[in-house]
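Peer 1: Residue numbers (our numbering): 178 to 444.
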């Protein structure tokens, strides 16, 4: 492996891990384009590698952030179960599409998500709770009920489909879902989304790995190592930087990368 590839793999992983730590899963949407356009991986290989790297990194991040008491394990597990059940369907749908179509749809999704985040939909100003949200206890944790579990399962299922199709962990959907469905705070949502991402990514990886032509082990390990370091840095930096600023920077990056992917696919 060339020295420049070694450096790029570690740096790209660092960026993904940093964004995961800062935004509670948003970095997963950057992993596939970085692996495809930055490291030159074939699409299905990049999807499989993205899922395993993001999944392991998210689990690592959840363990780190559990020390602060922000991780709501029950809600995260229910979301993850919904994702695990449906991720294979997303992978099956992706296998029936051309690579260019998958990339184009993924790029459009990136732009849409980035624009929505720039409008403030995923910032700390997102309204918590509402008539649709689960009831919460005095500590701001969702109360156990069949209705609440059903809503979380549904949100997890949608995320799982996209995870299997595009190779994303789904944090950009899980965080708003936890805010609006579970009725929890932004701090709880950011930390808890990592649990569901880890579980959903496992199912998505298993569903996609068979379609990967080759598994670049060294590049994947370097990417993962960079992600671990970035996750630790992001978890620390999140305590000191304004959430709105972090969301704006990340959203702008997502829009730019998505627009570049659209241009590259159609050019």
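Backbone N, C-alpha and C define an ideal beta-carbon position, used for all residues, glycine too.
Given residue 325, which residues of its chain have a CB within under 6 Å of its CB, disregarding the five upstream and five downstream residues?
Peer 2: Working through the chain shown from its first residue, we reach residue 325 at position 148. Excluding sequence neighbours, residue 325 sits near 311, 319.
Peer 1: Closest by CA to residue 442, which one among 328, 280, 244, 359?
Peer 2: To locate residue 442, count along the chain shown from 1; it is residue 265. Ranking 328, 280, 244, 359 by Cα distance to residue 442 puts 280 first.
Peer 1: Based on DSSP bridge pairs, tell me the residues matched to residue 313.
Peer 2: Within the chain shown, the letter at position 136 stands for residue 313. Residue 313 pairs with 319.
Peer 1: In angstroms with no decimal places, state the Cα-to-Cα distance between residue 354 and residue 248.
Peer 2: Position 177 of the chain shown, counted from the first residue, corresponds to residue 354. Position 71 of the chain shown, counted from the first residue, corresponds to residue 248. Rounded to the nearest angstrom, the two C-alpha atoms are 15 Å apart.
Peer 1: Return the first residue and the last residue of the alpha helix (DSSP H) that residue 265 is part of.
Peer 2: Mapped onto the chain shown, residue 265 falls at position 88. Per DSSP, residue 265 belongs to the alpha helix (DSSP H) from 250–272.
Peer 1: For residue 429, count neighbouring Cβ atoms within 10 angstroms of its own Cβ and tell me buried if that reaches 16, exposed if not.
Peer 2: Here residue 429 refers to the residue found at position 252 of the chain shown. Exposed is the call here.
Peer 1: How big is the Cα-Cα spacing for residue 225 and residue 216?
Peer 2: Working through the chain shown from its first residue, we reach residue 225 at position 48. Working through the chain shown from its first residue, we reach residue 216 at position 39. The straight-line gap from Cα to Cα measures roughly 14 Å.
Peer 1: Under 8 Å by Cβ, that's how I've got residue 317 and residue 362 pegged, so tell me the actual separation to the nearest angstrom.
Peer 2: Taking the chain shown and counting its residues from 1, one reaches residue 317 at position 140. Taking the chain shown and counting its residues from 1, one reaches residue 362 at position 185. Taking a contact as a CB-CB distance under 8 Å, the pair residue 317 and residue 362 counts as one, their CB atoms being some 6 Å apart.
Peer 1: Have a look at residue 373 and residue 432 and give me their C-alpha separation to the nearest angstrom.
Peer 2: Locating residue 373 in the chain shown gives position 196, where the first residue counts as 1. Locating residue 432 in the chain shown gives position 255, where the first residue counts as 1. Rounded to whole angstroms, residue 373 to residue 432 spans 24 Å at the Cα level.
Peer 1: Between 254, 438, 284, 409, which lies nearest to residue 238 when the distance is taken from Cα to Cα?
Peer 2: Here residue 238 refers to the residue found at position 61 of the chain shown. For residue 238, the nearest C-alpha among the options comes from 409.
Peer 1: Relative to the C-alpha of residue 235, which candidate in 406, 425, 360, 391 has its C-alpha closest?
Peer 2: In the chain shown, residue 235 corresponds to position 58, counting from 1. That would be 406, whose Cα lies nearest to the Cα of residue 235.
Peer 1: Curious, which full-length alpha helix (DSSP H) runs of at least 4 residues does the segment 356–395 contain?
Peer 2: Taking only runs of at least 4 residues, the alpha helix (DSSP H) segments lying wholly in the segment 356–395 are 363–385.
Peer 1: Grab me the residues of residue 270's own chain with a C-beta within less than 8 Å of its C-beta, minus the 5 sequence neighbours each way, in chain order.
Peer 2: Counting from 1 along the chain shown, the entry for residue 270 is found at position 93. The residues are 338, 341, 342.
Peer 1: Roughly how many angstroms lie between the CA atoms of residue 255 and residue 240, to the nearest whole one?
Peer 2: Taking the chain shown and counting its residues from 1, one reaches residue 255 at position 78. Taking the chain shown and counting its residues from 1, one reaches residue 240 at position 63. About 17 Å.
Peer 1: Give me the residue from 207, 367, 404 with the minimum Cα distance to residue 233.
Peer 2: Along the chain shown, one-based indexing puts residue 233 at 56. The shortest C-alpha separation from residue 233 is found at 404.
Peer 1: Can you tell me whether DSSP reads residue 408 as helix, strand or coil?
Peer 2: Locating residue 408 in the chain shown gives position 231, where the first residue counts as 1. Of the three classes helix, strand and coil, the one that applies to residue 408 here is helix, per DSSP.
Peer 1: Do residue 259 and residue 380 count as a contact pair if the criterion is CB distance below 8 Å?
Peer 2: As a first step, residue 380 is located in the chain shown; it is residue number 203 there, counting from the start. As a first step, residue 259 is located in the chain shown; it is residue number 82 there, counting from the start. Against a cut-off of 8 Å, the Cβ pair of residue 259 and residue 380 comes out as no contact.
Peer 1: Going by the CB atoms, is the gap between residue 345 and residue 434 shorter than 8 Å?
Peer 2: By 1-based counting over the chain shown, the position of residue 434 is 257. By 1-based counting over the chain shown, the position of residue 345 is 168. Not closer than 8 Å, so no.
Peer 1: Cutting at 6 Å between CB atoms, please list the residues of its own chain near residue 313, excluding the five before and the five after it.
Peer 2: Your numbering for residue 313 matches position 136 in the chain shown. Within its own chain, the residues whose Cβ lies closer than 6 Å to the Cβ of residue 313, once the five positions on either side in sequence are excluded, are 319, 360, listed in chain order.
Peer 1: Please state whether DSSP places residue 304 in a helix, a strand or coil.
Peer 2: Sequence index remark: in the chain shown, residue 304 carries index 127 (1-based). Residue confidence is low: residue 304 scores 45 on pLDDT, short of 50, so the model does not pin down where it sits. Its coordinate-derived value is still stated next. Coil, per DSSP.
Peer 1: Between residue 199 and residue 411, how many whole angstroms is the CB-CB distance? I'm expecting something under 8 Å.
Peer 2: Counted from its first residue, the chain shown places residue 199 at position 22. Counted from its first residue, the chain shown places residue 411 at position 234. Confirmed, Cβ separation roughly 4 Å.
Peer 1: Is DSSP giving residue 246 helix, strand or coil here?
Peer 2: Working through the chain shown from its first residue, we reach residue 246 at position 69. Looking at residue 246 - three-state DSSP - the assignment turns out to be coil, as it is neither helix nor strand.
Peer 1: DSSP state of residue 279, grouped into three classes?
Peer 2: On the chain shown, position 102 is the one that residue 279 refers to. Residue state, collapsed to three classes: helix.
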